[in-house]
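Enquirer: In full-length UniProt numbering, the protein residues as written are 1 to 114.
No residue lacks a Cβ here, since even glycine has one placed at the ideal position from N, Cα and C.
Model, not experiment: these values are computed from the prediction.
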Amino acid sequence: HRVNGLITNTGHSIVFTVENTTRHHINVTGGPLSYKYQFHQIHIHYGLNDETGSEHSINGYTFPAEIQIFGFNSQLYSNFSEALHRAQGVVAISLLMQLGDLSNPELRILTEQL
Numbered sequence: 001h002r003v004n005g006l007i008t009n010t011g012h013s014i015v016f017t018v019e020n021t022t023r024h025h026i027n028v029t030g031g032p033l034s035y036k037y038q039f040h041q042i043h044i045h046y047g048l049n050d051e052t053g054s055e056h057s058i059n060g061y062t063f064p065a066e067i068q069i070f071g072f073n074s075q076l077y078s079n080f081s082e083a084l085h086r087a088q089g090v091v092a093i094s095l096l097m098q099l100g101d102l103s104n105p106e107l108r109i110l111t112e113q114l
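1. Which residues share a DSSP beta bridge with Q41?
2. Are there 16 or more other CB atoms within 10 angstroms of the CB of S54, so buried, or fewer, so exposed?
3. Counting beta carbon pairs with one atom in the stretch 37–55 and one in the stretch 10–24, are three or more of them shorter than 8 Å?
4. S94 by DSSP, collapsed to three states: which one?
5. Tell me which same chain residues have a C-beta within less than 7 Å of the C-beta of L33, skipping the five on either side of it?
6. Can you list, in chain order, the residues of its chain whose CB lies under 8 Å from that of D50, leaving out five sequence neighbours each side?
Listed below in structure tokens is the structure:
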């Protein structure tokens, strides 16, 4: 499914927010999650060079970029704002990015819109 939304470049990250009126929702379920979480937002953090940019690190090692995917518990709450500071309200998935020789066609779909 295609999802409509707004892409914003904050100067230190790119944020994609799903439109509230979208008909098709993407959900995160399973694994350790007891509820269904509706996709709400993606944050892409990047830096000025190829060594730093991620918001998080592993054993002191930072990455060139980080993609964070946020969703809200659509079984208990009606939107992200309502769920944000509530128990089991929000799920976050973080992907730490490395540079490689090959282009990523799925990521290119998003970056070509900037």
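Expert: Looking at the coordinates:
1. Numbered from 1 along the sequence shown, position 41 holds the residue referred to as residue 41. According to DSSP, Q41 bridges with T17 and F70.
2. For the purposes of this step, residue 54 is taken as residue 54 along the sequence shown, with counting starting at 1. Flag for S54 reads buried.
3. Yes: at least three Cβ pairs fall under 8 Å.
4. Along the sequence shown, one-based indexing puts residue 94 at 94. If DSSP states are grouped into helix, strand and coil, S94 belongs with the strands.
5. Looking up residue 33 in the sequence shown gives position 33. The residues are V91.
6. The sequence position of residue 50 within the sequence shown is 50, counting from 1. Cβ contact annotation for D50 (same chain, cutoff 8 Å, sequence separation greater than five): P64 and L99, in chain order.
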